[in-house]
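Take a look at the structure below.
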Amino acid sequence: MEPDITNFDKLEVVDAKPLRCLPPGVSPFGGTHGVPSSNPQFPVQTPKVRVSKTPPPPDSANSKQSNGEKQQRPTKKVKISEEVRLLSLEGDRDSVSKVLMKFDALRRRIAQIEPDPMKRPDLKVGTIMMNNGLRTNTRKRIGSVAGVDVGDIFFFRIELCMVGLHTQTMAGIDYMNMVSEQVQQPVAVSIVSSGGYEDDDGDGKVLVYTGQGSNVSVDQKLEGGNLALERSLHRGNEVRVIRGVKNVEAQKSKVYIYDGLYKVEKWWTDKSKMGAAVFKYKLVRIPGQREAFTIWKSIQTWRDNIGCRPGLLLLDITSGAEKVPVSLINEIDGDKRTPRFIYFKGLKFSKTMEASVGCSCQGTCLPGSNCSCIQANGGETPHANGVLVIQKSVVHECGPSCSCYPDCSNQVSQNGLKVRLEVFKTKEKGWGLRSWDPIRAGTFICEYAGEVIDTADKGADLDDEYTFNATNAGDYSSEWNYVPELIEEENPVDLDEKIKPSSPIIISAKNMGNVARFMNHSCSPNVFWQLVLHGPNKNSFPHIMFYAIKHIPPMTELTYDYAKCGKKKQCFCGSANCRSYFGQE
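The sequence shown begins at 1 in the UniProt record's numbering and counts up by one.
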């Protein structure tokens with residue numbers, strides 16, 4: 001948390017610093033709700049919308065709770081969203097972020113509708129967006145790509161195409177033709193090294209790349225991409241390198257890391273394991289770039305031996321309360337004092353709460369069924385493949401009062417931490433939180449745990465730095481959600497649902513809490529919070545859950561927007577959109 005510069009006690013800087021809460025009606029993305037940004041330089045043609053009639057209500061005779069009976073949720077007509085006109089042909093960081101956000105939002109929605117991963121929702125969405133001009137950096141180029149930073153991660157090859165980093169969905173070498181001495185020759189602009197051939201990643205700064213061929217048992221030819229890499233050696237041009245590594249969450253898939261600019265130093269021929277002639281290219285990373293792939297290699301070393309992690313103070317601040325350990329790291333100074341608080345995973349109430357009524361389903365609850373929890377979500381499960389599909393005012397998960405508990409798949413945020421986190425000392429903001437694992441957009445990160453404050457208690461401090469107040473949080477940002485017009489859908493009515501809590505939603509992590517208390521503020525956050533109810537009852541006490549706004553690379557600080565809650569403090573987030581201060585007078 002960021003210290004109060006008007007009253008700063010150096011002796012207390014190592015204490016656990018709290019979250020700020022968002023004030024009612026403020027988007028976790030910043031800006032004004034319902035007013036999407038636009039870019040007049042890129043007037044994209046609006047796709048046609050197929051308007052469907054609102055389905056009739058289900059037969060009351062079939063309204064019993066039983067899995068498998070599909071019911072359509074009501075919809076209402078909407079105007080074409082301006083969000084399909086938000087991009088620029090020549091990218092910048094904002095355009096790249098929006099392309100990737102809209103891509104993954106639509107991919108999550110299609111994965112929700114068609115859960116079979118063999119149908120490749122990523123390729124389907126890529127086709128839809130490209131057909132509608134929703135991409136950026138369309139001009140092929142040598143060197144850096146505007147808006148894409150070294151260290152950025154991608155979960156699908158098509159994402160690389162969407163932002164102009166690597167335009168080949170299958171081929172490992174991307175190249176362009178250039179005229180030299182009145183002769184047109186190919187030069188390489190980017191390569192993807194994903195282990196498909198006999199590549200050697202060296203120390204993370206040198207890559208020995210194997211050329212491409214259609215058949216591993218046949219000699220490779222010096223043509224196409226292979227010739228382009230050979231020509232790049234003589235031309236001395238920069239080549240973008242994207243490295244593919246195994247996804248720790250799904251071993252059959254990969255995560256792609258943009259590792260920056262390299263130059264081809266030499267090439268030679270060799271024999272493959274199959275005995276065929278192959279081309280080898282040695283690429284060396286250009287110095288002075290931020291670390292990327294080497295961070296991944298360091299993390300793997302720490303996984304094998306946590307004792308070699310520099311600055312290690314504690315192996316696990318949760319003392320085994322979480323399934324995944326959370327280490328405490330201080331690489332800033334020699335202070336070995338640790339935060340003072342009781343680690344607690346959930347909510348502690350000062351008075352007994354009435355048990356909510358759950359669904360009566362047996363086994364896992366299915367989309368389209370008459371399950372009361374599913375119906376409270378508009379007839380669909382809120383997650384697809386474990387990630388949140390859309391952000392709205394409230395999400396319903398099956399809870400402890402449900403008959404399906406604890407084996408139901410509709411409980412994504414109730415099973416503790418899934419990513420490997422560490423609490424670390426920052427230079428200017430006290431303690432912070434980051435992950436060893438790559439985090440996909442929509443991934444559940446953690447709950448805001450602590451003591452539920454009773455406003456009737458006159459001694460309760462409702463304005464201390466550890467208090468999270470979400471009482472009137474009924475608004476949400478539509479910017480993170482998919483554009484329904486792109487798949488000829490209409491906005492569902494349940495997005496307009498407003499939560500009316502039976503009591504104020506105020507939680508303090510001052511004396512007890514979990515890792516969420518360490519998340520710092522940023523004016524350009526990568527995390528948002530979402531209210532989640534356990535069960536279909538809208539009057540039960542909601543939980544505050546944190547989800548990833550976008551793909552987050554390992555060792556990137558996890559932050560969200562504190563906005564105008566609490567006392568005014570100077571902001572140290574360092575983002576391009578920094579407001580200089582957060583909080584209010």
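Think of the CB as a built atom: it goes at the ideal place given N, C-alpha and C, for glycine as much as any other residue.
It is roughly 23 angstroms from the alpha-carbon of Phe344 to the alpha-carbon of Thr426. Within the model, the alpha-carbon separation for Pro117 versus Asn385 is close to 9 angstroms.
The stretch 534-541 and the stretch 575-583 do not touch, with fewer than 3 CB-CB distances between them shorter than 8 angstroms.
Judged by DSSP in its simplified three-state form, Phe349 adopts coil rather than helix or strand. Here Ala105 has Asn481 and Tyr482 as same chain residues with Cβ atoms under 6 angstroms from its own Cβ, once five neighbours each way along the sequence are excluded. For Ser435, the enclosing beta strand (DSSP E) begins and ends at Trp431 to Ser435. Contact between the stretch 557-573 and the stretch 425-445 is established, with three or more Cβ pairs separated by less than 8 angstroms.
Boundaries of the beta strand (DSSP E) harbouring His396: Val395 to Glu397, taken from the DSSP string. Counting of Cβ neighbours within 10 angstroms places Leu222 among the exposed residues, the total staying below 16. For His234, the number of other beta carbons within 10 angstroms of its own is below 16, and it is reported as exposed. Shown here, Phe156 sits in coil according to DSSP, grouped into three states, outside any helix or strand. Between Tyr547 and Gly416, the C-beta spacing is not below 8 angstroms.
Per DSSP, Thr318 lies in no beta strand (DSSP E) segment and is marked neither H nor E. In this structure, Ala449 lies near Gly346, with their beta-carbon atoms less than 8 angstroms apart. Judged by DSSP in its simplified three-state form, Glu422 adopts strand. Taking 8 angstroms as the cut-off, the beta carbon of Leu533 is found no closer than this to the beta carbon of Ile544.
Note that the stretch 352-361 does not touch the stretch 324-344; fewer than 3 beta-carbon pairs, one per stretch, sit closer than 8 angstroms. Less than 8 angstroms divides the Cβ of Gly244 from the Cβ of Val192. Excluding sequence positions up to five before and after Phe156, its CB lies within less than 6 angstroms of the CB of Asp122, all in the same chain and listed in chain order. Ser372 carries a helical assignment under DSSP once its states are collapsed to helix, strand and coil. Contact between Val264 and Ser232 holds: CB atoms are separated by about 5 angstroms, below the 8 angstroms threshold.
Counting every other CB atom within 10 Å of its CB across the protein chains shown gives Asn226 a total of 16 or more, marking it as buried.
When the Cα atoms are used, Glu238 and Val179 turn out to be separated by approximately 17 angstroms. A direct Cα-Cα distance of roughly 10 angstroms separates Val148 from Ser95. Around Gly583, the same chain offers Gly566, Lys567, Lys568 and Lys569 as residues with beta carbons nearer than 6 angstroms, after the five sequence neighbours per side are excluded. Per DSSP, Glu230 is not a residue of any beta strand (DSSP E); the alpha helix (DSSP H) it occupies stretches across Gly224 to Arg235. In this structure the stretch 288-304 does not lie against the stretch 390-404, because fewer than three pairs of beta carbons, one per stretch, are closer than 8 angstroms.
For the pair Ile342 and Glu447, the Cα-to-Cα distance works out to about 15 angstroms. Between Leu134 and Val163 the beta-carbon gap is near 11 angstroms, outside 8 angstroms, which marks them as no contact. For Gly126, the uninterrupted alpha helix (DSSP H) segment begins and ends at Pro121 to Asn131. Contact between Asn247 and Val255 holds, since their C-beta atoms are separated by about 5 angstroms, short of 8 angstroms. DSSP places Phe444 in the uninterrupted beta strand (DSSP E) bounded by Phe444 to Glu447.
Under the three-state reduction of DSSP, Thr455 is assigned to coil, being neither helix nor strand. DSSP places Lys297 inside the alpha helix (DSSP H), whose first and last residues are Phe293 to Asp304. Ser508 places its beta carbon less than 8 angstroms from that of Asp464.
By the CB criterion at 8 angstroms, Ile153 and Pro438 fall inside the cutoff.
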